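Structure record follows, encoded as structure tokens.
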Amino acid sequence: MNKSGKYLVWTVLSVMGAFALGYIALNRGEQINALWIVVASVCIYLIAYRFYGLYIAKNVLAVDPTRMTPAVRHNDGLDYVPTDKKVLFGHHFAAIAGAGPLVGPVLAAQMGYLPGMIWLLAGVVLAGAVQDFMVLFVSTRRDGRSLGELVKEEMGPTAGVIALVACFMIMVIILAVLAMIVVKALTHSPWGTYTVAFTIPLALFMGIYLRYLRPGRIGEVSVIGLVFLIFAIISGGWVAESPTWAPYFDFTGVQLTWMLVGYGFVAAVLPVWLLLAPRDYLSTFLKIGTIVGLAVGILIMRPTLTMPALTKFVDGTGPVWTGKPVPVPVYHHRLWRGVWLPCADLFRHHAEDAGERRAGLFYRLRWNVDGILRGDYGAGFRLYHRSGRLLCHEQPNGGAGSGRDGGCGRFCRAGGE
Numbered sequence: 405m406n407k408s409g410k411y412l413v414w415t416v417l418s419v420m421g422a423f424a425l426g427y428i429a430l431n432r433g434e435q436i437n438a439l440w441i442v443v444a445s446v447c448i449y450l451i452a453y454r455f456y457g458l459y460i461a462k463n464v465l466a467v468d469p470t471r472m473t474p475a476v477r478h479n480d481g482l483d484y485v486p487t488d489k490k491v492l493f494g495h496h497f498a499a500i501a502g503a504g505p506l507v508g509p510v511l512a513a514q515m516g517y518l519p520g521m522i523w524l525l526a527g528v529v530l531a532g533a534v535q536d537f538m539v540l541f542v543s544t545r546r547d548g549r550s551l552g553e554l555v556k557e558e559m560g561p562t563a564g565v566i567a568l569v570a571c572f573m574i575m576v577i578i579l580a581v582l583a584m585i586v587v588k589a590l591t592h593s594p595w596g597t598y599t600v601a602f603t604i605p606l607a608l609f610m611g612i613y614l615r616y617l618r619p620g621r622i623g624e625v626s627v628i629g630l631v632f633l634i635f636a637i638i639s640g641g642w643v644a645e646s647p648t649w650a651p652y653f654d655f656t657g658v659q660l661t662w663m664l665v666g667y668g669f670v671a672a673v674l675p676v677w678l679l680l681a682p683r684d685y686l687s688t689f690l691k692i693g694t695i696v697g698l699a700v701g702i703l704i705m706r707p708t709l710t711m712p713a714l715t716k717f718v719d720g721t722g723p724v725w726t727g728k729p730v731p732v733p734v735y736h737h738r739l740w741r742g743v744w745l746p747c748a749d750l751f752r753h754h755a756e757d758a759g760e761r762r763a764g765l766f767y768r769l770r771w772n773v774d775g776i777l778r779g780d781y782g783a784g785f786r787l788y789h790r791s792g793r794l795l796c797h798e799q800p801n802g803g804a805g806s807g808r809d810g811g812c813g814r815f816c817r818a819g820g821e
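Residue numbers (my numbering): 405 to 821.
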């Protein structure tokens, strides 16, 4: 495509996004089609990713693709392992597209779809994606150090210790809440537990396959993983209906809690290429497939949003939580006063993911002539991930290996993903 053709494409996307937002804004108090929200979101995210991301990379951070990354400098096969960019994409995507994005928007929906929609669009583009990219960039330039270590280096030992303790406490609280959601979802659910358990040996096989059997063969291992993932989902139904096998995967909340603790320990001590990266990459197929399926479903059905843009609970007297929809910059999570939207934009956990866990995960940081940032996958994941969560929310009716072009970095051993 020539230069004029590219400009035409982006111009059309800009007009479509502006028109969709204008339609939503002008139809206050009336029911609108969910397709307008999808179009507005996709257009805004793509334009921001293409132009705003490129601006930050070139003019703010001055990304240098020739600069050696920690992955290359400290390739130790444990925390620093050059990883194919596709696996890295899935690794970070799965880390941020977890249980939080499902719960936060659902809670925010008590105020109507408009507050959450605005915050997910503006917060992600102007704050969340920028945070991920900048933390990743700085940590990469500082040899893959964590946020706490960066603070210690810049502000002294005392401030560094305080930052490390704060990060640790935040991680404990966040992971406890998210783990509770997972436990409740899998309690007495043989189908879900079996499917999740099946992905562990499958991920181990994928990691070994990429590192020792067929290094760099991402296409092959992707097909194998996708086929067995589909089999795991289908066979999970058979297991749940079997009086013989179902009891083996029927656990209480307490049992599942201890299992998660055990898994977190094992995943944290194993090399990142063996379990975490391939398992995250595997789960990304399901998550992106769901996002695409939701988008296609809305495109075909074009459902009407019966949920009002604003409800009476916008005054802060909601039945689930109280608080007015006023955007407030709050420490480590994103908040519309009283509305917690986990994984929405600014999030300390994702800063840790992008910085310490992913900073050295790149063979090189670069952007190509199309302005698509090859290193800024944290921002890209967030943009696409927001789209998927928005689609889910706005309908009230209802690794690692030795890839040449990838990269690797230091993984924070804090309980795994």
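Even glycine gets a Cβ: it sits at the ideal position worked out from N, Cα and C. Predicted model only: the values in this text are computed from it and were never measured.
One thing to note: A636 has its Cβ no nearer than 8 Å to the Cβ of G516.
In the three-state DSSP reduction, N463 falls in the helix class (H, G or I).
In summary, Y685 is buried, with 16 or more beta-carbon neighbours lying within 10 Å of its beta-carbon over all protein chains present. Put simply, the region 703 to 711 touches the region 432 to 441. At least three CB pairs are less than 8 Å apart. Residue range 561 to 590 is occupied by the alpha helix (DSSP H) that includes V576.
Around G552, the same chain offers G564, A567, L568, C571 as residues with beta carbons nearer than 7 Å, after the five sequence neighbours per side are excluded. Nearest neighbour of P474 by Cα position, chosen from T487, A466, V464, turns out to be T487. The Cβ atoms of L425 and A452 do not sit closer than 8 Å to each other.
Look at T597 here: in three-state DSSP terms it is helix. Distance from V627 to M610 at the Cβ level is roughly 11 Å; contact not present, criterion being Cβ atoms closer than 8 Å. Secondary structure at T544: helix, using DSSP grouped into helix, strand and coil. With a 10 Å radius around the Cβ and a threshold of 16 neighbouring Cβ atoms, M521 comes out buried. Taking the Cα positions, G657 is about 8 Å away from H592. Counting along the chain, D684 sits inside the alpha helix (DSSP H) bounded by residues 680 to 705. In this structure, I460 keeps its C-beta atom at 8 Å or more from the C-beta atom of V542.
Contact between V529 and I448 holds: CB atoms are separated by about 7 Å, below the 8 Å threshold. Considering only A672, A583, F689, G481, the residue with the shortest C-alpha distance to F497 is F689. Taking 8 Å as the cut-off, the beta carbon of P594 is found closer than this to the beta carbon of V643.
If you look at F653, you'll find it isn't in any alpha helix (DSSP H); DSSP assigns it neither H nor E.
For T708, the three-state secondary structure derived from DSSP is strand. Here the C-alpha atom of V419 lies approximately 51 Å from the C-alpha atom of E645. Using a Cβ distance threshold of 8 Å, Y598 and G640 count as a contacting pair.
Scanning its chain for C-beta atoms nearer than 7 Å, with the 5 sequence neighbours on each side dropped, one finds around L450 the residues L417, in chain order. In this structure, the CA atom of G666 is about 11 Å from the CA atom of Q659. Straight across, the Cα-Cα distance linking G457 with G532 is about 12 Å. For V586 and P509, the gap between their C-alpha atoms comes out near 17 Å. When rounded, the separation of the alpha-carbon atoms in T544 and L606 is 30 Å.
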